Structures are given as structure tokens and as C-alpha cells.
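S.K.: Okay, here's the structure, questions in a sec.
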Amino acid sequence: MGISFYPEKHILSLETANSCYQMKIGPLGYLLHLYYGPRCSSGEFYDYLHLPQDRGFTPNPYDLAEGRGFSLDALPQEFSCSACGDSRLPSILLHTESGICGVDLRYRRHEIREGKYSLNGLPSAFDADGSTSTLSVTLADEATGIEIELLYAVFEATDIITRSVRIRNTGSQAVFLDKLSSACLDLPFGSWELLHFQGRHAMERLPERAPVLTGIQTLSSERGISSHQQNPFVILCEQGATEDAGFCYGAMLCYSGNHQEEIERSPNGSVRLLSGIGERYFCWKLDPGSMFDTPEVFLSFSAAGLTGLSHHFHRFLRRNLCRSRWNNRPRPVLLNSWEASYFDFDEETLLRLAREASELGVELFVLDDGWFGTRTDDRRALGDWVPNPERFPNGLGHLIDEVNRLGLQFGLWIEPEMVSEDSALYRTHPDWALQVPGRKPVLGRDQLVLDLSRQEVADWMYETFSSLLRENNIRYIKWDMNRVLADLYSAQLPADRQGEVAHRYVLNLYKIVDRITSEFPEVLFEGCSGGGGRFDAGMLAWFPQIWCSDNTDPIARLRIQEGTSFGYSLSSIAAHVSASPNHQTGRSTPIGTRAVTAMTGAFGYELNPALLSEEEKSAVRSQIARFRELSPLLQDGLYYRLPGDSPCRYTAWSLVSPDRGSALLSLILTQPEANPLPLHLRLKGLQPDAGYRVAWAEFSGCRNGQPGLTLPVLSGASLMQAGITLPPMYGDFPAVQILFVRQENQPLRRQEK
Ligand code: DGJ
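Residue numbers (our numbering): 12 to 764.
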């Protein structure tokens with residue numbers, strides 16, 4: 012396993028536990044992709060798959076001696092060139108000062124080394140246990156003096172290969188980069204479907220799946236953030252692939268700004284996937300001697316369907332990406348003030364809320380928006396990060412002390428990247444906001460975006476928020492961001508660097524986040540962007556959890572969380588129980604059902620407990636106890652999406668502990684029926700020859716109370732193949748959670764006759 016070079020074949024082979032990725036230094040030094048798929052047998056080479064063939068109207072390199080059987084246009088590539096004989100999607104677009112376009116890249120050298128490469132200023136995965144190795148392959152173009160270093164890291168145990176591109180200008184004139192993809196994956200054969208995650212505010216990451224047809228499809232966000240509309244994660248799966256079967260490839264971009272994923276099926280039958288920074292507003296000037304790193308893409312292959320692929324990403328993000336101390340710790344149960352009181356609070360009402368929360372067993376009280384400056388609504392005061400003296404006559408420190416006295420830790424909401432026109436900060440530094448000279452800036456939620464590409468703005472931001480954390484006993488921060496970027500012009504950059512603003516913004520954001528999180532390692536940071544507008548691997552490198560959506564309706568959220576789960580682990584999904592009727596959809600649901608949906612690794616409440624009935628309060632106490640009991644499973648469990656019936660009446664999923672000793676089944680009935688057919692489903696991921704018993708089963712929201720569920724001790728094989736039948740549940744959106752535990756030391760034996 013790892014990385015091998017076979018000099019006699021000119022082949023480089025990357026192997027993880029279950030996959031193999033091969034490339035070949037081909038004729039004239041062109042780097043050809045050979046294979047990405049199951050690891051069949053070590054020491055086998057896949058160059059035999061690509062037969063030389065003269066295909067009409069596919070050009071040949073000038074210096075080719077062997078006739079017309081070799082064309083970049085017809086062969087799979089590791090990094091597609093532009094204007095040099097491959098007319099499919101280019102991985103790079105550039106122009107030089109003298110007007111040269113395109114690159115003709117040939118192999119120069121390669122290096123295999125222990126450990127993981129790092130990137131300048133960008134988040135990237137790390138080697139957690141000394142088993143990662145790096146391959147760097149350098150290609151060069153004579154005409155422009157451009158050198159491209161393709162960087163690969165192999166994470167054997169988690170079945171992930173990371174890929175990034177470093178470009179150097181070794182020539183004598185400036186080069187303008189118009190596009191630079193991080194990964195180029197060519198699948199030369201087969202019929203593929205594209206599964207991607209699109210949406211909108213409060214309805215993020217909804218899966219959409221369709222066959223890849225001939226032509227080009229571009230998915231992207233050019234909003235300055237990874238966005239609610241298009242997540243930077245895509246899957247190519249074999250036609251008809253299911254959760255459990257079929258070849259699947261995933262590409263997750265570790266980046267929080269503009270991105271694009273391009274998929275091209277060429278009429279010659281091959282499919283190309285490119286992933287990288289969005290090109291619409293991107294143009295990076297590369298002076299002679301300078302270099303540029305692209306964000307990293309995480310690639311994974313699963314021969315065992317979509318669940319296998321999700322497991323690779325979940326394990327990898329948990330083990331090899333997030334550096335926070337909180338990554339592997341159980342998270343505190345929190346109560347967030349937003350949906351409880353919005354902007355309508357003072358010290359007294361907050362303390363009432365905190366007192367009620369502490370009586371229910373909540374551990375962390377989070378004060379959301381509205382605590383600073385004159386912020387009594389969402390039209391003002393962003394930038395004035397000083398506690399509002401009218402709301403807190405005794406200061407923020409006093410509120411925190413009082414909250415702590417109630418036995419609760421204190422957390423705070425911030426939105427560092429923004430400024431309101433109506434703020435002292437804007438009045439003092441109007442030029443700090445992104446805006447185009449001579450044009451009124453675009454507003455979003457009545458606010459402007461700070462020009463983070465300016466060093467003084469970045470310095471102010473670091474100072475402001477690090478002092479806030481230094482001066483107050485704050486144990487949790489919710490880092491929000493509530494509008495998209497527009498007006499991509501920075502007063503401090505010269506004309507030929509204005510195409511760098513969006514990427515510079517993200518680079519400086521990462522710098523500040525890195526500085527602040529490293530300085531306050533004990534603070535739990537949660538990412539947020541109007542809910543899940545920046546739910547990406549880039550932010551997860553520092554923030555172990557992200558607010559998944561502003562939609563807290565437990566039924567609508569099922570789709571959002573399920574979509575998110577294809578790439579991101581349950582432990583990173585922040586979810587809360589909110590009031591009923593729900594504030595976003597107006598739907599009423601039982602409190603138990605709300606808790607079943609919200610029971611991810613980062614669980615909490617976002618309501619006013621004083622408005623709960625005594626019965627609901629007691630339900631909340633049990634939910635919190637359950638969450639504590641289930642924390643290890645919610646943190647580390649293997650997540651299974653369980654297919655619904657047809658027509659679909661429920662959403663179900665399970666979490667199985669890594670040692671397969673326990674499994675939590677959750678099911679919510681979304682379409683209750685009269686005279687219902689039996690609810691039958693099969694579990695997944697259990698140990699087939701071990702016996703499992705029901706430790707507890709809890710029904711919530713059933714009009715028929717706690718329906719009886721009596722299951723004998725059953726083998727994992729029976730639970731997975733024969734399945735289980737649940738008793739009928741009546742009511743509005745009832746739910747059930749069942750914890751199965753393995754009978755230790757009592758493996759089931761077949762009954763002897
Ligand atoms: C958007 C977030 O997603 C909400 O949870 C809340 O924090 C508001 N911003 C506050 O303005």
C-alpha cells in the first residue's frame with residue numbers, strides 16, 4: 012500500500028486499503044491517468060486498458076513519432092492542459108503579459124516522501140498516525156515558464172487520496188491565472204450518474220441525482236461562500252448504484268469560497284470531473300518567481316455504494332481534518348437564545364432563560380445576535396462589538412458570572428466579517444467595506460461585507476475578537492456570516508490584482524480563524540452562515556461543528572440533514588429542538604420527534620423553556636440524559652441511511668458503534684396512514700453472528716402512547732436480513748428510537764435439532 016513507482020513501466024501507483032489510483036508518464040512526458048477503482052492485486056498495471064487508436068479529428072502532438080494512435084483528446088489525463096490538443100475541459104486557463112494562452116505540460120520529475128504535504132494559507136488534511144505519504148509530480152511548459160506540481164497524499168486507512176496543485180512561474184514575465192482546478196478525474200469508461208447537493212437558504216444540501224449526459228454541466232457558487240445553493244461536494248456513481256452496491260467516486264473541495272465542479276461527458280464516452288476555485292471572478296497575477304496553491308480536494312472511491320463512500324469521508328474528516336480539541340469530545344448540550352427571544356431581551360430575561368435551561372439539565376447557555384452596540388434589530392450595529400449598556404447595565408462579565416453561577420457555561424454569537432452602514436465602525440472606516448468606486452454597494456440583510464483582503468481590517472478583526480475572548484469567560488463561539496459577497500473590489504489592490512479579491516478574502520479569513528482558534532483551544536467554535544451557507548470542509552478544519560440550517564422544523568430538516576450526511580459526519584451537524592409550531596414552516600410536531608431529529612453530535616435547544624408544559628419539560632430532561640448516554644455513538648458511530656418504503660412513509664437512519672457493540676435506530680413517520688401497513692425495515696452494519704437485544708425503545712408523539720415492542724434476542728444477521736416489524740404508530744409525526752446492544756460473550760448458535 013502507499014505510493015510506488017515502477018520505473019520500467021513509468022507507472023506511479025497510489026494504494027489505500029480498498030482502492031488503487033494509477034498514472035503513467037506516457038509518450039513525450041505526458042502524464043496520463045490510468046485507473047482509479049478497486050485495489051485488485053498489488054503489482055498490476057492498468058496501461059493495458061488504453062489501446063492506441065487513430066480516432067478521427069483528435070489531434071496528435073507534433074513531436075510524436077508513432078503515428079496517430081496517441082492523442083491527448085482521447086486519453087485520460089491527470090491534469091488536462093488548455094489549447095494543446097485536449098479539447099475537453101481544461102484544468103488550467105491562463106494568459107501571459109505577451110498574450111500567450113494555454114499550456115503544454117510535460118513531465119519533469121517526481122518525488123515520493125513520508126508524511127503529508129502542507130499548503131500555503133489553506134486548510135488541509137493532516138497525517139494523524141504517521142501512515143500518510145505524499146507524491147509530488149512536476150510538469151512544465153516551456154513557452155510560458157510555468158511549472159505545475161501535482162500533490163497527492165494517500166490516507167490508506169480512510170481510503171482517501173487528497174490532491175492539490177501548486178503552480179510556479181519560473182519564466183520572466185507575469186502570468187495571469189484565469190482558472191486552476193485542484194483535481195481532474197477522468198473516468199474513461201462506463202455510464203455515470205451525478206449526485207450533488209443543491210438548495211437554498213433554510214433548505215440546504217438537498218440531493219439531486221441524474222445521469223451524466225453528453226456535454227458539460229457546471230455546478231458552482233460564485234457568491235463568495237461555499238453557499239446554501241451548491242455544496243462543494245459531488246459524487247459520480249455507477250448507473251443504478253444504491254446505498255450498498257455500485258462504484259462511487261466522491262470529490263470534496265476543502266474550501267469555503269467560490270468553487271466550481273465541472274462534469275463533462277465527451278462523445279468518446281469518457282467523463283471528466285474537475286473541482287476547484289470558481290473561475291468567474293478569479294484572475295490571479297503570478298509574478299516571475301512566485302507561486303500559488305490551490306485548495307485541496309479529497310477524493311474517495313467505494314465499490315460498495317454510497318454508504319461506503321460516506322463512511323470514508325466521515326472517518327477522514329473526523330480523524331484527519333479538524334484540529335480542534337473538541338473534535339473528539341462529547342459536546343455540551345446548549346440552549347441558544349435566538350428562537351427563544353430574537354432581539355427582544357435584557358439581562359433579566361436572559362437570566363430567566365438560563366435559569367430555566369439549567370433546571371432542565373442544559374450545560375451551555377448561548378447568547379445569540381443582539382448583545383452589542385445599538386443592535387435592536389438586524390439593520391444596524393454590526394462592527395460595534397461592545398456590549399449594549401442598556402441591555403447589560405452591569406456589563407457582559409456580570410451576565411456571564413450569573414450564568415456560570417447557575418452551573419452553565421457561557422457562549423456568544425459573533426459575525427466578525429460584517430459591518431452595518433449604521434454603525435460606529437462604518438462611520439469611522441467607510442472604506443473598509445467591499446465596494447466598487449462610483450457605485451453604491453449591494454446590500455444583503457442591510458449589511459456590508461468587510462474587505463478582509465486588507466491587512467488592517469484583518470488586524471482589527473483579530474484584535475477585536477481575541478480581546479473579547481481574553482476578557483470574558485466565553486466557552487463557545489458561534490461564528491456567523493449572513494450575506495453573500497458582491498462588489499469584489501478592494502481599494503488597496505492595484506487594477507491587475509482585482510481578480511484576487513474573493514480568494515484573498517478567504518485566505519485572510521482562514522488566517523484569522525486559525526489565529527483565534529489556536530489562541531483559545533478550549534473554546535468550542537461553531538460555524539454558521541445563515542444556517543448552513545458555509546458547511547464545508549474548509550471551515551470544518553477549525554470548527555468541529557456547523558449550524559446545519561436555519562430551518563429547525565424537524566420534518567423539513569430530515570432531508571437537509573440526510574443530504575448533509577452524504578459527505579459530512581453527524582458529529583459535525585449542529586441541530587436544535589425548537590418551539591412548536593415551528594417558526595419557519597408553521598408546522599406542529601411533538602417534542603420527542605423534534606429531539607430525535609436534533610440528536611446529532613451537536614445537540615441543543617432553541618426555545619423558551621418557560622413556555623413548555625410540565626410534561627414537555629420532563630421529556631426534555633430525559634432527552635438530555637439520553638444525549639449524554641448516546642454521545643459516544645453520536646460522535647463516532649457509523650451512520651447508515653435506511654431506505655424508506657414506497658410510497659415513502661418514514662425517514663430512518665441508524666448509528667452503529669465502531670466495534671458494532673451497539674446500534675441506535677431512529678425513525679420518524681412523516682406520512683401517517685389509516686389502517687397502516689406494517690412498518691418493516693432492515694438494519695445495517697451489525698455483526699452477523701452476534702446476538703443483539705433491545706436495551707430500550709422509546710416512542711414519542713404516538714397518540715397510542717408507548718406501543719409495545721417485544722423483540723427476542725436476534726442475531727445481527729436476522730436484524731439485517733429478516734429485519735424487524737414495528738408496531739403501528741398513530742399521530743402527527745410520531746418517532747421511535749431503539750437502542751440495540753450486543754449480548755457480550757454469548758454468540759448466537761444455530762439451534763441443533
Ligand atoms: C443566522 C443564524 O443562522 C441564526 O441561527 C441566528 O444566529 C441569526 N443569524 C442571528 O442573526
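Where is the CB? At the ideal position from N, CA and C, for every residue including glycine.
Because the structure is a prediction, the values reported are computed rather than measured.
1. Kindly list the residues whose CB is nearer than 7 Å to the CB of residue 109, restricted to its own chain and excluding five residues on each side of it in sequence; keep chain order.
2. In terms of DSSP beta bridges, what is residue 721 paired with?
3. Between which two residues does the alpha helix (DSSP H) harbouring residue 346 extend?
4. Indicate the three-state DSSP secondary structure (helix, strand or coil) for residue 615 in the structure shown.
5. Can you tell which of 105, 243, 591, 87 has its C-alpha closest to the C-alpha of residue 94?
6. Going by DSSP, name the residue or residues bridged to residue 277.
7. Over what stretch of residues does the beta strand (DSSP E) that includes residue 234 continue unbroken?
8. Report all residues from its chain with a CB closer than 8 Å to the CB of residue 217; omit the five preceding and five following residues, and keep chain order.
9. Got a sec? Which residues, its chain only, sit under 6 Å from residue 532 by beta carbon, not counting five neighbours each side?
10. When DSSP labels each residue in this structure, what does residue 338 get in the three-state scheme?
11. Just checking, does the segment 297 to 312 make contact with the segment 169 to 180 on the three C-beta pairs under 8 Å criterion?
12. Provide the residue span of the alpha helix (DSSP H) that contains residue 523, from first to last.
13. Under 8 Å: do the segment 724 to 733 and the segment 578 to 591 share three or more Cβ pairs, one atom per stretch?
14. For residue 349 and residue 179, what's the separation of their Cα atoms in angstroms?
15. For residue 696, I'd like the list of residues in its chain whose CB is within less than 6 Å of its CB, leaving aside the five on either flank, ordered along the chain.
16. Below 6 Å CB to CB, which residues in the same chain sit around residue 413 once its five sequence neighbours on both sides are set aside?
17. Please determine whether the Cβ atom of residue 349 lies at a distance below 6 Å from any heavy atom of the ligand DGJ.
18. Under the three-state reduction of DSSP, which class applies to residue 283: helix, strand or coil?
19. For residue 4, which residues from the same chain have a beta carbon less than 6 Å from its beta carbon, with the 5 sequence-adjacent residues on both sides left out?
20. How long is the line joining the alpha carbons of residue 59 and residue 32, rounded to whole angstroms?
21. State the start and end residues of the unbroken alpha helix (DSSP H) segment that holds residue 327.
22. Pick out whichever of 404, 673, 468 has its Cα sitting closest to the Cα of residue 441.
23. Can you tell me the Cα-Cα spacing of residue 633 and residue 334, whole angstroms?
24. Nearest-angstrom Cα distance between residue 374 and residue 600?
25. Using 10 angstroms around the beta-carbon of residue 707, count the other beta-carbons present and answer buried if the total reaches 16, otherwise exposed.
26. Please classify residue 755 as buried or exposed, where buried requires at least 16 other C-beta atoms within 10 Å of its C-beta.
27. With residue 551 and residue 590 assumed to form a contact (beta carbons below 8 Å), what rounded beta-carbon distance in angstroms separates them?
28. What are the start and end residues of the alpha helix (DSSP H) that includes residue 421?
29. Counting Cβ pairs closer than 8 Å, one from the segment 141 to 152 and one from the segment 261 to 271, do we hit at least three?
30. According to DSSP, is residue 764 part of a helix, a strand, or is it coil?
31. Can you tell me whether residue 131 is helix, strand or coil according to DSSP?
32. So, at 6 Å on beta carbons, what are the nonlocal neighbours of residue 12 in its own chain, with the 5 sequence-adjacent residues on each side left out?
33. How close, in whole Å, do the beta carbons of residue 122 and residue 195 come, if the pair is a contact with beta carbons under 8 Å?
M.R.: Walking through what the data contain:
1. Locating residue 109 in the sequence shown gives position 98, counting from the first residue. Excluding residues within five positions, the ones whose Cβ falls inside 7 Å are 184.
2. Locating residue 721 in the sequence shown gives position 710, counting from the first residue. Residue pairing from DSSP leaves residue 721 without any beta-bridge partner.
3. The residue labelled residue 346 in the question sits at position 335 within the sequence shown. Bounds of any alpha helix (DSSP H) do not take in residue 346; it lies within the beta strand (DSSP E) bounded by 345 to 347.
4. Residue numbering aside, residue 615 sits at position 604 when the sequence shown is read from its first letter. Three-state result, residue 615: strand.
5. Reading the sequence shown from its first residue, position 83 is the one you call residue 94. Closest by alpha carbon: 105.
6. Locating residue 277 in the sequence shown gives position 266, where the first residue counts as 1. Paired residues: none, contrary to the question.
7. What you label residue 234 is simply residue 223 of the sequence shown in a count that begins at 1. Run containing residue 234: none; DSSP gives neither H nor E here.
8. Sequence index remark: in the sequence shown, residue 217 carries index 206 (1-based). So the list reads 208, 209, 210, 570, 571, 574, once near-sequence residues are dropped.
9. Indexing the sequence shown from 1 puts residue 532 at position 521. Apart from sequence neighbours up to five positions away, the residues of its chain that approach residue 532 with a beta-carbon distance below 6 Å are 336, ordered along the chain.
10. In the sequence shown, residue 338 corresponds to position 327, counting from 1. Three-state DSSP puts residue 338 in a helix.
11. yes
12. Position 512 of the sequence shown, counting from 1, holds the residue named residue 523. Taken as a continuous stretch (DSSP letters only), the alpha helix (DSSP H) holding residue 523 covers 512 to 530.
13. no
14. Here residue 349 is taken as the residue at index 338 of the sequence shown, counted from 1. Here residue 179 is taken as the residue at index 168 of the sequence shown, counted from 1. Distance between the alpha carbons of residue 349 and residue 179: 48 Å.
15. Numbered from its first residue, the sequence shown carries residue 696 at position 685. Taken in chain order, the residues that qualify are 649, 651, 667.
16. On the sequence shown, residue 413 is found 402 positions in, with the first residue counted as 1. For residue 413, where only same-chain residues beyond five positions count, the Cβ hits under 6 Å are 362.
17. Translated into the one-based positions of the sequence shown, residue 349 becomes position 338. Result yes, Cβ under 6 Å from the ligand DGJ.
18. As a working mapping, residue 283 is identified with position 272 in the sequence shown. Reduced to three states, the DSSP call for residue 283 is strand.
19. Given a span of 12 to 764 for the chain in the structure shown, any question on residue 4 remains unanswerable.
20. In the sequence shown, residue 59 corresponds to position 48, counting from 1. In the sequence shown, residue 32 corresponds to position 21, counting from 1. Their Cα atoms are separated by approximately 15 Å.
21. Counting from 1 along the sequence shown, the entry for residue 327 is found at position 316. Looking at the DSSP string, the run of the alpha helix (DSSP H) that includes residue 327 is 316 to 331.
22. By 1-based counting over the sequence shown, the position of residue 441 is 430. Closest option to residue 441, judged by alpha-carbon separation, among 404, 673, 468: 468.
23. Along the sequence shown, read from residue 1 onward, the residue named residue 633 stands at position 622. Along the sequence shown, read from residue 1 onward, the residue named residue 334 stands at position 323. The straight-line gap from Cα to Cα measures roughly 32 Å.
24. Against the sequence shown, residue 374 aligns to sequence position 363. Against the sequence shown, residue 600 aligns to sequence position 589. Approximately 25 Å between the Cα atoms of the pair.
25. Looking up residue 707 in the sequence shown gives position 696. Counting C-beta atoms within 10 angstroms of its own C-beta, residue 707 has fewer than 16 neighbours from the protein chains shown and is therefore classed as exposed.
26. Counting from 1 along the sequence shown, the entry for residue 755 is found at position 744. By the 10 Å Cβ count, residue 755 comes out exposed.
27. Here residue 551 refers to the residue found at position 540 when the sequence shown is read from its first residue. Here residue 590 refers to the residue found at position 579 when the sequence shown is read from its first residue. Contact flag wrong, Cβ pair sits at about 29 Å.
28. Residue 421 sits at position 410 when you count from the first residue of the sequence shown. No alpha helix (DSSP H) holds residue 421; the beta strand (DSSP E) holding it covers 420 to 425.
29. no
30. Residue mapping note: residue 764 aligns to position 753 of the sequence shown, counting from 1. A caution first: residue 764 carries a pLDDT of 38, below 50, which makes its placement in the model too unreliable to give a value.
31. Translated into positions along the sequence shown, residue 131 becomes position 120. Looking at residue 131 - three-state DSSP - the assignment turns out to be coil, as it is neither helix nor strand.
32. By 1-based counting over the sequence shown, the position of residue 12 is 1. Closer than 6 Å at Cβ, skipping near neighbours: 26, 167.
33. Against the sequence shown, residue 122 aligns to sequence position 111. Against the sequence shown, residue 195 aligns to sequence position 184. No, residue 122 and residue 195 are not in contact; Cβ-Cβ is about 20 Å, not under 8 Å.
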